[in-house]
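Here the structure comes first, spelled out in structure tokens, and everything after it is commentary.
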């Protein structure tokens, strides 16, 4: 399958029959929205340029953000509307092509969260079958569940934020609980930040960047860089997790099993005192909805450590795979904060998935 090969007509018809409108965002996009909401890893893989007026532009590295911007530009961002797309994205890679054929769907504004998630996962499985992978592996995760587990800890807010972000990116608890060695390399600056209050610390970082003549770094303003620096310093300065809380988090992060078995284990952890009961109940309702729709829950795996390397996901995350593929065939999930992060005046839920077309059999 060539990078620009069309989707099978039956799949296009299926998307249209489900009420999805075709979205065709431009290949050349303003860089700032991507720099603002994508994860660190993907920011470093973008192809950046500038126009004649000095505005930062990029080759489209993702479809979700430009489709979301198109949705916001169309009027009331809270309206229920779903889209499908197909075309190339562009990411720097160490090996393989930098132009990658993708297709997928995005659904905004639906208040029936379980029905929306069920439809999206069902469509992803249907699309995989149409592309030659009728029984892919199904990996589930839930960033809302991870959020609940970490928020239950008696730890400084900066440490909790770091735990959530880095666990979702695959970092180990041992590495997170150790004092980062980078602190010694910048002992003078970190000492100054420790001695200052939050406002003074922010001013110190902004002044240093101004003196160096730095207006932006990777699309971030000095104020945004200062906030990140202060957060990192607070996390480095925080005490390690007490033994009992460390054990509770280790037990939580060890859950990796078939979805129903994982649900049962998480329920046991909730009964033992970890404050994740409502999130576990939500997971159970989601699996029930999947089963009621005829989805193969018995083949689904769930891991508390599973996340996706994009910062905008907020709840359900999933990937479909097959042995021998260089990466997931499809990946997606829920991103309820994305529209407001991109400038919408009121929040609206969102859920979707992307297909990596060249990873399917026969591509």
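Numbering (the working numbering), first residue to last: 1 to 363. Note that CB positions come from ideal geometry on N, CA and C, so glycine has one too. Every value quoted in this text rests on a predicted model; they were computed, and no experiment measured them.
Who pairs with residue i in a beta bridge, going by DSSP?
i, result
"residue 265", "Paired residue(s): none; residue 265 is not in a bridge."
"residue 106", "83 and 352"
"residue 99", "90"
"residue 257", "302"
"residue 316", "142"
For residue i, which three-state DSSP category applies?
i, result
"residue 286", "helix"
"residue 321", "strand"
"residue 250", "helix"
"residue 138", "strand"
"residue 33", "helix"
"residue 21", "strand"
"residue 49", "strand"
"residue 28", "strand"
"residue 435", "Nothing about residue 435 can be reported from this structure: the residues present for the chain run from 1 to 363 only."
"residue 342", "coil"
"residue 119", "helix"
"residue 15", "helix"
"residue 111", "coil"
"residue 44", "coil"
"residue 274", "coil"
"residue 203", "helix"
"residue 154", "coil"
"residue 279", "helix"
"residue 126", "helix"
"residue 292", "helix"
"residue 3", "Legend: pLDDT at residue 3 = 41, less than 50; position of this residue unreliable, no value from coordinates given."
"residue 131", "coil"
"residue 308", "coil"
"residue 358", "helix"
"residue 166", "helix"
"residue 326", "coil"
Within the same chain, show all residues whose beta-carbon is closer than 8 Å to that of residue i, passing over the 5 residues directly before and after it, in chain order.
i, result
"residue 345", "77"
"residue 115", "289"
"residue 63", "23, 25, 85, 87, 89, 102, 104, 106 and 354"
"residue 50", "56 and 57"
"residue 133", "320, 322, 329, 360 and 361"
"residue 317", "140, 141, 142, 143, 306, 307, 308, 331, 332, 333 and 334"
Identify the continuous beta strand (DSSP E) that holds residue i and give its terminal residues.
i, result
"residue 334", "330 to 334"
So, for residue i: in the same chain, excluding its five sequence neighbours on each side, which residues have a beta-carbon less than 7 Å away from its beta-carbon?
i, result
"residue 90", "47, 59, 60, 61, 98 and 99"
"residue 16", "none"
"residue 33", "65, 69 and 342"
"residue 130", "8, 10 and 11"
"residue 285", "114"
"residue 92", "45, 47 and 98"
"residue 299", "138"
"residue 110", "80, 116 and 349"
"residue 122", "293 and 295"
"residue 20", "82, 83, 84 and 105"
"residue 147", "164"
Which residue comes first and which comes last in the alpha helix (DSSP H) that contains residue i?
i, result
"residue 146", "143 to 151"
"residue 66", "64 to 73"
Can you give me the Cβ contacts of residue i inside the same chain, cut-off strictly under 6 Å, excluding the 5 residues immediately before and after it?
i, result
"residue 149", "252 and 276"
"residue 137", "321"
"residue 328", "319 and 321"
"residue 305", "253"
"residue 338", "68, 312 and 350"
"residue 145", "279"
"residue 126", "none"
"residue 340", "347"
Evaluate residue i with the Cβ neighbour count: other Cβ atoms within 10 Å of its Cβ, from every protein chain shown; 16 or more gives buried, anything less gives exposed.
i, result
"residue 320", "buried"
"residue 294", "exposed"
"residue 55", "exposed"
"residue 272", "exposed"
"residue 380", "Within the shown structure, residues of the chain are numbered from 1 to 363, placing residue 380 beyond reach of any answer."
"residue 157", "exposed"
"residue 332", "buried"
"residue 250", "exposed"
"residue 75", "exposed"
"residue 124", "buried"
"residue 141", "buried"
"residue 324", "exposed"
"residue 13", "exposed"
"residue 356", "buried"
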